[in-house]
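Residue numbers (the numbering used here): 36 to 231.
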Amino acid sequence: VPIATERGFIYHHAGNDYITATLSLIPGSYIPNYATHYIGAGGVVVNDRQELLVVCERYRIDNRPPFYKLPGGALEPGEHIADSIVREVLEETGVEAEFEALTCFRHWHGYRYGKSDIYFVCRLRALTTDIRMGEKEIEECLWMPVQDFMTDGDISPFNKGIVKSALESDGIVPASMPGMAEDATREYFMPYVMRS
Numbered sequence: 036v037p038i039a040t041e042r043g044f045i046y047h048h049a050g051n052d053y054i055t056a057t058l059s060l061i062p063g064s065y066i067p068n069y070a071t072h073y074i075g076a077g078g079v080v081v082n083d084r085q086e087l088l089v090v091c092e093r094y095r096i097d098n099r100p101p102f103y104k105l106p107g108g109a110l111e112p113g114e115h116i117a118d119s120i121v122r123e124v125l126e127e128t129g130v131e132a133e134f135e136a137l138t139c140f141r142h143w144h145g146y147r148y149g150k151s152d153i154y155f156v157c158r159l160r161a162l163t164t165d166i167r168m169g170e171k172e173i174e175e176c177l178w179m180p181v182q183d184f185m186t187d188g189d190i191s192p193f194n195k196g197i198v199k200s201a202l203e204s205d206g207i208v209p210a211s212m213p214g215m216a217e218d219a220t221r222e223y224f225m226p227y228v229m230r231s
């Protein structure tokens, strides 16, 4: 690597078993940046009793006091948004749920390691209600009445806002798009299902 950088190569990115460096052979030529974002998803899961599934994480930044939030986490490489949030809810809470709609998202610059973060909020329907908490990451998990969540002074305005949005919005749903490839590498969301 030092020899390459001495010759003008610029470090671009690395994986578990490789390093990529680039060198512009034509002055001013464009070399696209590597991945610049983290992608995560949170789940608004409400049961038949109008209770919201919430978690309190075991590990918190800056020794913050415990607080309730939505279950969720980072997408795995190659994983679809809808699949990821169903997986995360099950891993963290033991509750089986079905994806209904993507209801909003947040784009935050300067997140982990200085990279940007996109957080998708998804509405899910609870298929089961028994909690089997994933103790590796979660300290507490419970069904909280939606009204209590919305009036709790310790819950952030952001979390209240995204829950309100998820409950009041139709959101956008998985859809197929005529003329676009339908394979495991793509996922489309639309406010309605397009008819051909």
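Backbone N, C-alpha and C fix where the C-beta goes; we use that ideal spot for every residue, glycine too.
Everything numeric in this text was worked out from a predicted model, so none of it was measured.
Asked, Found
"Could I get the ranges of all uninterrupted alpha helix (DSSP H) runs contained in the segment 197–225, with 4 residues as the minimum, in chain order?", "none"
"Report the residue from S59, L162, G113 whose alpha carbon sits nearest the alpha carbon of V80.", "L162"
"Is the distance from the Cβ of I74 to the Cβ of L110 below 7 Å?", "yes"
"Would P37 be called buried (16 or more neighbouring beta carbons within 10 Å of its own) or exposed?", "exposed"
"From the DSSP output, read off the bridge partner residues of A70.", "The partner list for A70 (beta bridge, DSSP) is empty, contrary to what the question assumes."
"Report yes if the C-beta distance between I35 and F140 is below 7 Å; otherwise report no.", "Outside the displayed range of the chain (36 to 231) lies residue 35, so it cannot be described from this structure."
"If you run the structure through DSSP and keep just helix, strand and coil, what is Y103?", "coil"
"Starting from D52, follow its DSSP beta bridges and name the residues at the other end.", "BP columns for D52 are empty, so no partner."
"My understanding is that E174 touches P226, with C-beta atoms under 8 Å, so please give their C-beta distance in whole angstroms.", "Incorrect: roughly 37 Å between the Cβ atoms, too far for contact."
"For I207, which residues from the same chain have a beta carbon less than 7 Å from its beta carbon, with the 5 sequence-adjacent residues on both sides left out?", "A136, L137, F224, M225, P226"
"Out of I45, G50, A76, which has the shortest C-alpha to C-alpha gap to D152?", "A76"
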